[in-house]
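So the sequence shown is numbered by this note's numbering: it starts at 993 and just counts up by one. Backbone N, C-alpha and C fix where the C-beta goes; we use that ideal spot for every residue, glycine too. Inspection log for the structure reproduced underneath, given as structure tokens.
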Amino acid sequence: MDAVGEAYRELLDAAAGLDADWAAKVPDGQARLEGYHWAMSLLSIAQDVFVSADAARPRFVDIVGPYRKFYGDNPDAFYQFAPLDPARGYRVTGRRGDAVYLSLTVYGTALDSTGDRIVDTDRIVGLVNDRDLAFDADGRFEIVLAPARPAGYTGAFVELVPETVCAITRDYLTDAVEGRRVEWRIEPLGADAGFAAAPTGHRLDAEDQAERFRAAARWVRRHGQMFPSTAHTPNTVAEPYPVPTVTRGWAAGDACYASGAFALDKGQALVVRGRSPECVFWNVCLWNGFLTTFNYEYRDTEPVSLNGAQVRYEPDGSWTVVIAHENPGRPEWPNWISTAGHGSGILWFRWFLAEALPERPTVELVELAELADPAGV
993 MDAVGEAYRE LLDAAAGLDA DWAAKVPDGQ ARLEGYHWAM SLLSIAQDVF
1043 VSADAARPRF VDIVGPYRKF YGDNPDAFYQ FAPLDPARGY RVTGRRGDAV
1093 YLSLTVYGTA LDSTGDRIVD TDRIVGLVND RDLAFDADGR FEIVLAPARP
1143 AGYTGAFVEL VPETVCAITR DYLTDAVEGR RVEWRIEPLG ADAGFAAAPT
1193 GHRLDAEDQA ERFRAAARWV RRHGQMFPST AHTPNTVAEP YPVPTVTRGW
1243 AAGDACYASG AFALDKGQAL VVRGRSPECV FWNVCLWNGF LTTFNYEYRD
1293 TEPVSLNGAQ VRYEPDGSWT VVIAHENPGR PEWPNWISTA GHGSGILWFR
1343 WFLAEALPER PTVELVELAE LADPAGV
């Protein structure tokens, strides 16, 4: 067997081993079934990110969506990926649409003091968000990514360092169903801008193809080692935290996060209370142990997330969210999040461009019948 065939089978073997210990680690039947969708998503994403990506002629591709989920996807956001060559320059152009927050983050490999890569980590090389951009009357904008700022260019810029690997875009909408997402485009800057000329053609190379399959296999295996996640105490929410420069899973540099978990029997509910600081966007969603969202295509009748524009607030600005198998069905509890048939799962909060670190939400496990009683909780 040649090197390409061996590398290809290495990738298939990595995918085949993903479900080896799910029976022991994933007691929730719905989540186990979702695990197979997650596995297929990993292969699909690996195809775009490792096998087909071309940093000489990059394009932005969706890495999550209703049918493609991994590593903490979000019902209210769109994410795209483009590979980068740190020796090249790129022009990114776009149109804002209805996004309340948009950003482009450049990531690189995180290195220790000896220059070796820190496994399972990513370094945020640079970030540009909508506050850094100049928009024209049609909402259009431009960003340049390059090893050095082009002469005479004064717009938004990210300097590419030797460890640079890729760019991830984020568009957050309060109405991701009807709202217009950001239109992103990337093109290489050529010799006329002082950078390496873009190639005029492409031929597959056996050595390169084999390494792409091996890189995809390593990535799939790494996710198989990390997930499903079981390190969550049921019916709790941890302290919120800001994102550090060295992070995991292409985390957003403008965000504060908080994680929690639920485990509910039939007839139980988890009441989550909190207060959000001033921010451009916040939401809470439910994940399974593979860190993928529950099916949000039925959000009009079975919401599995809520964002700050959808939540109904108390007079003092605080909010109360009820997580339960069934809708409490009373006006006193308008902020219901459905478990969508799951007995357990993960809660995930996001706050973007928050003016302060959010307060830790509180939780209370109650009987659903108490919420149906006007004299209840």
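Legend entry - Nearest residue (CA-CA) to H1029, options R1051, D1163, E1347 and R1060: R1060
Legend entry - Cβ neighbours of L1345 in the same chain (closer than 6 Å, five flanking residues each side left out): D1246, C1271 and V1272
Inset, instruction - Use the C-beta contact count for L1004: other C-beta atoms within 10 angstroms, 16 or more gives buried, fewer gives exposed. - result: exposed
Legend entry - alpha helix (DSSP H) segment containing Q1260, residue limits: That residue, Q1260, is in no alpha helix (DSSP H); its beta strand (DSSP E) goes Q1260 to G1266.
Legend entry - Proximity below 9 Å, CB of V1150 to CB of R1083: no
Inset, instruction - Determine, using beta-carbon pairs with one atom in the region 1215-1228 and one in the region 1081-1099, whether at least three such pairs fall under 8 Å. - result: no
Inset, instruction - May I ask you to report which of helix, strand or coil DSSP gives R1210? - result: helix
Legend entry - Contiguous alpha helix (DSSP H) assignments of at least 4 residues, all confined to the region 1166-1199: none
Inset, instruction - Would you mind working out which of S1251, Y1164, D1184 and P1191 sits nearest N1280, comparing C-alpha positions? - result: S1251
Inset, instruction - Report the option in Q1039, T1085 and E1289 whose CA atom is closest to the CA atom of G1057. - result: E1289
Legend entry - Contact check, G1335 vs A1255, beta carbons under 9 Å: yes
Inset, instruction - Give the secondary structure of V1313 by DSSP, where H, G and I count as helix, E and B as strand, and everything else as coil. - result: strand
Legend entry - Anticipated Cβ contact below 8 Å, R1304 with V1229, distance rounded: Not a contact, Cβ separation roughly 20 Å.
Legend entry - I1055 (DSSP reduced to helix, strand or coil): coil
Inset, instruction - Tell me whether the beta-carbon of R1049 lies closer than 9 Å to the beta-carbon of P1142. - result: no
Inset, instruction - Give the DSSP-derived three-state secondary structure of L1370 in the structure shown. - result: Shown here, the chain extends from 993 to 1369; a query on residue 1370 therefore has no answer.
Legend entry - Assigned exposure category for F1233 - 16 Cβ within 10 Å defines buried: Per the sequence presented here, residue 1233 reads as Tyr, with Phe not at that position. With fewer than 16 other Cβ atoms within 10 Å, it is exposed.
Inset, instruction - Would you mind stating whether A1198 and V996 have Cβ atoms separated by less than 9 Å? - result: yes
Inset, instruction - Alpha carbon to alpha carbon, how far is D1054 from I1178? Give it in angstroms, no decimals. - result: 14 Å
Inset, instruction - Hey, could you find the ends of the alpha helix (DSSP H) L1004 is sitting in? - result: A995 to A1008
Inset, instruction - Buried or exposed for F1070, please, with buried defined as at least 16 other CB atoms from any protein chain shown within 10 angstroms of its CB. - result: buried
Inset, instruction - Grab the span of the alpha helix (DSSP H) containing G1064 for me, first residue to last. - result: It is not in any alpha helix (DSSP H) - G1064 carries neither H nor E in the DSSP assignment.
Legend entry - 6 Å CB neighbourhood of P1269 in its chain, flanking five on each side removed: A1346, E1347, A1348 and P1350
Legend entry - For E1356, the three-state DSSP class (helix, strand or coil): strand
Inset, instruction - Would you kindly work out how many angstroms separate the C-alpha atoms of G1144 and I1160, rounded to a whole number? - result: 26 Å
Legend entry - For Y1164, the nearest candidate out of V1264, L1096 and E1294 (CA to CA): L1096
Legend entry - Three-pair Cβ contact test at 8 Å for the region 1305-1315 versus the region 1257-1267: yes
Legend entry - C-beta atoms of R1322 and L1363 nearer than 9 Å: yes
Inset, instruction - Identify whether A1346 lies in helix, strand or coil by the three-state DSSP scheme. - result: coil
Legend entry - Enclosing alpha helix (DSSP H) for W1279 [first to last residue]: Careful: W1279 lies outside any alpha helix (DSSP H), inside the beta strand (DSSP E) at F1273 to W1279.
Legend entry - Three-state class that DSSP yields for E1351 in the structure shown: coil
Inset, instruction - Helix, strand or coil for V1153, going by three-state DSSP, please let me know. - result: coil
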